[in-house]
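Our numbering puts the sequence shown at residues 383 to 542. Virtual Cβ for every residue (Gly too), placed ideally from N, Cα, C. Being a predicted model, the structure only gives us computed values, none of them experimental.
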Amino acid sequence: MATELSSFAELKKAPMAPVQTPAAIREKEVDAQGRAYATGRRKNAVARVWVKPGTGKITVNGRDQTVYFARPTQQMVIQQPFDVTQRREQFDVVATVSGGGLSGQAGAVRHGISQALAKFEPGLRGAMKAAGFLTRDSRVVERKKYGRAGARRRFQFSKR
């Protein structure tokens with residue numbers, strides 16, 4: 383604003399210089415063993431996930447992922463963060479998951495893997511954010527209401 387302004391009205395009309403803040407550069411967050419830790423959640427399931435460089439072995443509750451998650455769709459859900467970031471078979475994953483059913487647990491492990499990968503390699507954050515893996519899916523089961531058969535379903539109506 384090199385020009386002189388004579389009134390407050392001119393000040394309001396004067397062009398503003400764009401405020402540029404430096405982009406927050408995230409640092410790699412790893413523990414003493416070189417692992418990144420994150421917590422993933424989905425429905426009622428909570429997963430504690432550790433990611434470290436390795437051969438692609440995924441262990442869930444002390445068992446291999448193919449044993450714990452027998453359905454191919456659940457295994458595919460867990461592999462999605464590695465497919466999006468093109469890091470398949472480059473990281474070992476150790477996860478402990480509890481609560482909910484198998485589908486919710488698979489979603490929780492995926493959320494945890496995504497968060498841990500973003501901590502291990504901050505450059506991958508953009509790709510996973512675009513895929514929606516870093517966002518906690520807040521949908522949970524709606525509670526049952528009194529006077530109804532379920533959350534929304536009414537009891538059967540009898541006219542007579």
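Helix, strand or coil for Ile440 per DSSP?
Numbered from 1 along the sequence shown, position 58 holds the residue referred to as residue 440. Judged by DSSP in its simplified three-state form, Ile440 adopts strand.
In whole angstroms, give me the CA-to-CA distance for Lys526 and Arg424.
Working through the sequence shown from its first residue, we reach residue 526 at position 144. Working through the sequence shown from its first residue, we reach residue 424 at position 42. When rounded, the distance between both Cα atoms is 20 Å.
Helix, strand or coil for Ala531? Go by DSSP, reduced to three states.
If you number the sequence shown from 1, residue 531 lands on position 149. It is coil, neither helix nor strand.
First through last residue of the beta strand (DSSP E) which encompasses Phe473
On the sequence shown, residue 473 is found 91 positions in, with the first residue counted as 1. Start and end: 473-480.
What does the Cβ neighbour count give for Ala490, buried or exposed, with the cut at 16 atoms within 10 Å?
Taking the sequence shown and counting its residues from 1, the one referred to as residue 490 is at position 108. So Ala490 counts as buried.
Given a cut-off of 9 Å on the beta-carbon distance, is the pair Phe451 and Ala488 in contact?
Numbered from 1 along the sequence shown, position 69 holds the residue referred to as residue 451. Numbered from 1 along the sequence shown, position 106 holds the residue referred to as residue 488. Yes; because the gap between Cβ atoms is below 9 Å, this pair is in contact.
Tell me whether Gly416 sits in a helix, a strand or coil according to DSSP, three-state version.
For the purposes of this step, residue 416 is identified with residue 34 of the sequence shown, where counting begins at 1. Correct three-state label for Gly416: coil.
Once the 5 residues before and after Arg536 are set aside, which same chain residues still bring their CB inside 8 Å of it?
Position 154 of the sequence shown, counting from 1, holds the residue named residue 536. Taken in chain order, the residues that qualify are Arg530.
Using a 10 Å radius around the Cβ and a threshold of 16 neighbouring Cβ atoms, would you call Val449 buried or exposed?
One-based indexing of the sequence shown puts residue 449 at position 67. Its Cβ having fewer than 16 others within 10 Å, Val449 is exposed.
Close Cβ partners of Ser520 (< 8 Å) along its chain, the five nearest in sequence each way excluded
Position 138 of the sequence shown, counting from 1, holds the residue named residue 520. Leaving aside the five residues that flank Ser520 on each side, none in its chain has a CB nearer than 8 Å to its CB.
Taking C-beta to C-beta, are Ala500 and Arg430 nearer than 9 Å?
For the purposes of this step, residue 500 is taken as residue 118 along the sequence shown, with counting starting at 1. For the purposes of this step, residue 430 is taken as residue 48 along the sequence shown, with counting starting at 1. No, they are not a contact pair.
Give the C-beta separation of Gly494 and Thr421 to the nearest angstrom, bearing in mind that I take them to be a contact with Cβ-Cβ under 8 Å.
Along the sequence shown, one-based indexing puts residue 494 at 112. Along the sequence shown, one-based indexing puts residue 421 at 39. A Cβ-Cβ separation of about 6 Å places Gly494 in contact with Thr421 under the 8 Å criterion.
Using 9 Å as the limit for Cβ to Cβ distance, is Gly438 near chain C?
No chain C is present in this structure, which holds just one protein chain.
Whole angstroms is fine: what's the gap from Arg325's alpha carbon to Phe502's?
Any answer about residue 325 is impossible in this case: the structure gives the chain only from 383 up to 542.
Gly532 to Phe539 span [Cα, whole Å]
Here residue 532 is taken as the residue at index 150 of the sequence shown, counted from 1. Here residue 539 is taken as the residue at index 157 of the sequence shown, counted from 1. One C-alpha to the other measures close to 15 Å.
Going by the CB atoms, is the gap between Val433 and Ala418 shorter than 9 Å?
In the sequence shown, counting from the first residue as 1, residue 418 sits at position 36. In the sequence shown, counting from the first residue as 1, residue 433 sits at position 51. Contact flag set, yes.
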